[in-house]
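So the sequence shown is numbered by my numbering: it starts at 13 and just counts up by one.
Note that the Cβ used here is the ideal one computed from N, Cα and C, for glycine as well.
Beneath this line is the structure, given in structure tokens, with notes to follow.
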Amino acid sequence: GKRVIWAYAYDVVTGHVRSRRVFTSFENLRGLPDGATVDSEGYLWSTEVYSGRLIRFDPSGVVDRIIGLPVQSTTSVIFGGPDLDIAYVTSMARPFQCQYHREREAGFVFAIHGLGVRGIEEPRFKG
13 GKRVIWAYAY DVVTGHVRSR RVFTSFENLR GLPDGATVDS EGYLWSTEVY
63 SGRLIRFDPS GVVDRIIGLP VQSTTSVIFG GPDLDIAYVT SMARPFQCQY
113 HREREAGFVF AIHGLGVRGI EEPRFKG
């Protein structure tokens, strides 16, 4: 469902995915999982939409760190900057849930410095 992040076995040669399993559940968290990325230590970072948080999960799916943001409608995260050590978090300009429409910073992109981790370089899209 909507309150879990799934993990799959991925075959890099064929591009096939198989063996779906629950990586982590948001049942005990406030929001829903949304955009995600992986850092160089193999930890997954996911935005928690409608809670205004960025969550880091260890490779077994356990919450490692939670970072609050000034808006509730966080949507995605990616590492960037020359050293891939800045987390950029996006947010919805017009959230679906009306109570968040009045947030002054809704729609902003937030840069988080000083996390002590780096992202991994992603291949460029060729499509």
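From the DSSP output, in three-state form, read off residue i for me.
i	result
residue 92	strand
residue 132	coil
residue 51	strand
residue 68	strand
residue 56	strand
Sort out for me which residues DSSP pairs residue i with in a bridge.
i	result
residue 122	101
residue 85	Bridge partners of residue 85: none, in fact.
residue 44	61
residue 25	In DSSP, residue 25 forms no bridge with anything.
residue 32	Residue 32 is not bridged to any residue.
How would you write the range of the beta strand (DSSP E) that residue i sits in, first residue to last?
i	result
residue 12	Here the chain has residues from 13 to 139 only, and residue 12 is not among them.
residue 114	Neither: residue 114 is in no beta strand (DSSP E) and is coded neither H nor E.
residue 8	Coverage of the chain is limited to positions 13 through 139, which leaves residue 8 absent and any answer about it impossible.
residue 75	75-80
Who are the Cβ neighbours of residue i in its own chain at under 8 Å, not counting the five residues just before and after it?
i	result
residue 42	60, 62, 63 and 65
residue 96	52, 130, 131, 132 and 133
I'd like the list of long-range same chain contacts for residue i, defined as Cβ closer than 6 Å, with 5 residues on each side in sequence excluded.
i	result
residue 79	66
Between the stretch 68-77 and the stretch 89-98, do three or more beta carbon pairs fall short of 8 Å? no
Touching or not, the stretch 119-132 and the stretch 93-104, by the rule of three or more beta carbon pairs under 8 Å? yes
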